[in-house]
Amino acid sequence: MPEGHIIHRLATENRKAFGGRAARVSSPQGRFAEGAKLIDGQLLAGAEAHGKHLFLGFEGESWLHIHLGLYGGFTFGAGPAPTPVGLVRLRLENDDAYADLRGPTTCELLTPAEKAAVHARLGPDPLRPDADPDAAWQRISRSGSTVAALLMDQKVLAGVGNVYRAEVLFRLGIAPHRPGRGLARAEWDAIWADLAALMRDGTVAGRIDTVRPEHTPEAMGRPPRVDDHGGEVYVYRRAALPCLVCGTGVRTETHAARNLFWCPRCQQR
DNA sequence: GCCTCATGTTGAT
DNA sequence: TCAACCTGAGGCT
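No gaps in the numbering here: position 204 of the first sequence is 204 in the numbering used here, and each next residue is one more.
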């Protein structure tokens with residue numbers, strides 16, 4: 001269940017394991033059998049991520065486009081690859097390594113033009129060096145939608161999911177229900193900068209940690225704790241628990257079909 | 001072992 | 001606004 005930082009990490013992992021070499025490509029489950037056959041044995045030329053979309057480039061100008069959706073995941077291992085267990089949509093393999101893909105929303109082959117079309121409908125990704133935060137600001141500053149909804153809209157901003165959305169708004173003290181057009185440019189600049197830093201850390205760590213050193217349980221004189229999704233966060237999935245900073249109960253509600261979490265006292269800006 | 005929920009997106013209503 | 005997609009983890013029995 002990944003946000004953009006994990007997809008960038010997967011691009012790197014795939015590049016390290018398979019880049020510059022011929023890859024054996026198969027679909028043990030069968031649902032990607034035809035596509036796998038088309039690129040089987042080809043050289044993997046590159047791997048990149050844009051938001052939550054992963055692209056693996058093969059010689060012959062084919063791009064393997066993968067979106068993990070809510071359930072999808074990769075498993076990497078050293079070769080030789082074992083007999084596939086469960087429903088493996090895609091297996092990449094060489095003599096040294098293998099990777100299994102399960103449960104993706106998307107696993108398809110694209111032409112360069114089709115790949116360009118995917119990029120075109122995505123907003124700037126804080127983890128990409130070519131990202132233009134002003135493109136997102138143009139949409140946000142004209143929108144009556146809430147900041148909370150806009151941050152999750154991949155056309156506006158690519159790669160941010162429910163955890164980073166909740167956490168960046170907490171860290172900047174911004175009330176999630178404010179309309180985008182009510183945001184000041186300086187606030188947007190701060191959101192972008194914080195997202196870029198948090199997501200960069202997340203790519204390295206492979207998990208989402210957002211709690212500043214001065215607010216860790218140790219620094220606050222509280223018992224140590226670990227959030228059940230594997231990272232240390234302020235408000236995400238901490239409904240009704242005391243805010244780590246002020247002690248107020250963390251609020252939650254369903255917002256645009258997703259769970260939103262915030263501290264009503266710390267986030268009044 | 002069964003049930004619920006989840007770091008997501010699309011397409012129908 | 002909601003169902004569908006389709007997988008795994010955690011809580012409960």
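Beta carbons: idealized from backbone N, C-alpha and C, even for Gly.
Where residue i falls, given that 16 or more other Cβ within 10 Å makes a residue buried
i: ASN162; result: buried
i: ASP132; result: exposed
i: GLY4; result: buried
i: PRO272; result: Nothing about residue 272 can be read from this structure; the chain reaches only from 1 to 269.
i: GLY164; result: For the sequence presented, residue 164 should be read as Tyr rather than Gly. Buried is the call here.
i: GLN138; result: exposed
i: ASP95; result: exposed
i: ALA136; result: buried
i: ALA49; result: buried
i: GLU93; result: buried
i: ARG91; result: buried
i: VAL235; result: buried
i: ASN273; result: Any question about residue 273 goes unanswered here, given that the chain covers just 1 to 269.
i: ALA81; result: buried
i: LEU198; result: buried
i: GLY57; result: buried
Bridge partner(s) assigned by DSSP for residue i
i: THR105; result: Its beta-bridge partners do not exist; DSSP assigns none.
i: ILE140; result: In DSSP, ILE140 forms no bridge with anything.
i: PRO242; result: GLY249
i: LEU110; result: TRP63
i: GLU34; result: In the DSSP output, where bridge partners are listed per residue, GLU34 has none listed.
i: ALA22; result: LEU43
i: LEU92; result: VAL25, ALA99
i: THR146; result: PRO179
i: GLY57; result: GLY46, TRP63
i: LEU260; result: GLU253
i: ALA78; result: ALA97
i: GLY69; result: Per DSSP, none; premise fails for GLY69.
C-beta atoms of residue i and residue j nearer than 7 angstroms
i: ALA196; j: PRO126; result: yes
i: PHE261; j: ALA166; result: yes
i: TYR98; j: GLY69; result: no
i: GLY182; j: LEU157; result: no
i: PHE74; j: TRP63; result: no
i: GLY230; j: ARG207; result: yes
i: SER26; j: ALA36; result: yes
i: THR248; j: VAL233; result: no
i: GLY173; j: ARG269; result: yes
i: HIS215; j: VAL245; result: yes
i: VAL112; j: GLU61; result: Before going further, note that residue 112 is Pro rather than Val in the sequence given. In this structure, GLU61 lies closer than 7 angstroms to PRO112 by Cβ.
i: GLU34; j: HIS65; result: no
i: ARG102; j: VAL85; result: no
i: THR105; j: HIS67; result: yes
i: GLY51; j: GLN154; result: yes
i: ALA257; j: VAL250; result: no
i: VAL160; j: LEU150; result: no
i: ARG222; j: ASP194; result: no
beta-carbon residue i near the ligand ADP non-hydrogen atom, thresh 6 angstroms
i: TRP137; result: Absence of the ligand ADP is noted for the structure shown, with no ligands found whatsoever.
**Prompt:** Taking contact to mean at least 3 C-beta pairs separated by less than 8 angstroms, is the region 11 to 21 in contact with the region 40 to 58?
**Reply:** yes
**Asked** Is the region 172 to 187 close to the region 134 to 148, with three or more CB pairs under 8 angstroms?
**Response** yes
**Request:** Can you check the region 167 to 217 for any alpha helix (DSSP H) of at least 4 residues that lies completely inside it and give the ranges in chain order?
**Result:** 185 to 205
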